[in-house]
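Student: Numbering (our numbering), first residue to last: 67 to 249. This structure is in structure tokens; I'll ask about it shortly.
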Amino acid sequence: MSTRGTSTAGIARATGIPWETWTARLEELGARSMSHAEIARRVAEQLDGVVENHEWWAQSVTVAWEQHTGVRRPGQTGDGSFGTSASRTVAGTPDEVLTRWTELLAGRTEVDGVPFRQPPSTARTEKWRYWRARLADGTRVAATLGEAGRGRTTVAVAHTGLPSAEDVARWRGVWKELLAALP
67 MSTRGTSTAG
77 IARATGIPWE
87 TWTARLEELG
97 ARSMSHAEIA
107 RRVAEQLDGV
117 VENHEWWAQS
127 VTVAWEQHTG
137 VRRPGQTGDG
147 SFGTSASRTV
157 AGTPDEVLTR
167 WTELLAGRTE
177 VDGVPFRQPP
187 STARTEKWRY
197 WRARLADGTR
207 VAATLGEAGR
217 GRTTVAVAHT
227 GLPSAEDVAR
237 WRGVWKELLA
247 ALP
């Protein structure tokens, strides 16, 4: 399975190293027999002093290489699970939108046929608002709300721990539908 072209092009621009050079370097290092952490550490050593946020870029190179070689599929995390996300920007302050989101989901005991393991919770920081839920299938959902300017708030829903790539499309659709219903 190949890597998305945009990510490899972005890596090449940011690091100043063409993607073909990265793949050759990683093959020479013996990355196929290394753990994700070891590959990322070795790439970080190469990028230290070369780019800002060299450890972040090392992770990006490592994930892209794992996708390129078929070790990891797009959307797959290091533990083998998958995740998806959806977002929408709506009118209102983060507090107002969090209230509307919780009201939209109030009274539900499940989402798309999967029960909540426990009732969803909310939290606040000075800058962010959060809605979190654990589902009975072991997955987690987090809605993060933040100011988008001009009296608007962005709601970003992330669903993690999904068992397969097929679940990504299903759940992304579920969360997009719920976000579309957000008044």
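Glycine included, C-beta positions come from ideal geometry on N, C-alpha and C.
Tell me whether Glu132 is buried or exposed, calling it buried when 16 or more other Cβ atoms sit within 10 Å of its Cβ.
Tutor: Counted from its first residue, the sequence shown places residue 132 at position 66. Counting Cβ neighbours within 10 Å, Glu132 comes out buried, since at least 16 surround it.
Student: What residue range is occupied by the uninterrupted alpha helix (DSSP H) comprising Glu169?
Tutor: As a position in the sequence shown, residue 169 is number 103, starting the count at 1. 160–171 is the extent of the alpha helix (DSSP H) around Glu169.
Student: When you compare only the Cα positions, how much space is there between Lys193 and Ala208?
Tutor: As a working mapping, residue 193 is identified with position 127 in the sequence shown. As a working mapping, residue 208 is identified with position 142 in the sequence shown. Roughly 16 Å separates the two Cα atoms.
Student: Looking at the unbroken beta strand (DSSP E) that takes in Ala152, where does it start and where does it end?
Tutor: In the sequence shown, residue 152 corresponds to position 86, counting from 1. Element bounds for Ala152: 148–157.
Student: If contacts are defined as beta-carbon pairs under 8 Å, then Val129 and Arg139 qualify, I think. What distance do you get, rounded to the angstrom?
Tutor: If you number the sequence shown from 1, residue 129 lands on position 63. If you number the sequence shown from 1, residue 139 lands on position 73. With a Cβ gap of about 11 Å, Val129 and Arg139 do not count as contacting.
Student: Return the CA-CA distance between Gly158 and Trp88, expressed in angstroms with no decimal places.
Tutor: One-based indexing of the sequence shown puts residue 158 at position 92. One-based indexing of the sequence shown puts residue 88 at position 22. Near 45 Å, if we compare the C-alpha coordinates of Trp88 and Gly158.
Student: Could you give the residue range of the beta strand (DSSP E) that holds Ala202?
Tutor: To locate residue 202, count along the sequence shown from 1; it is residue 136. Here Ala202 belongs to no beta strand (DSSP E), and DSSP marks it neither H nor E.
Student: In terms of residues, what are the limits of the alpha helix (DSSP H) holding Ala106?
Tutor: As a first step, residue 106 must be located in the sequence shown, where it is residue number 40. Start and end: 102–113.
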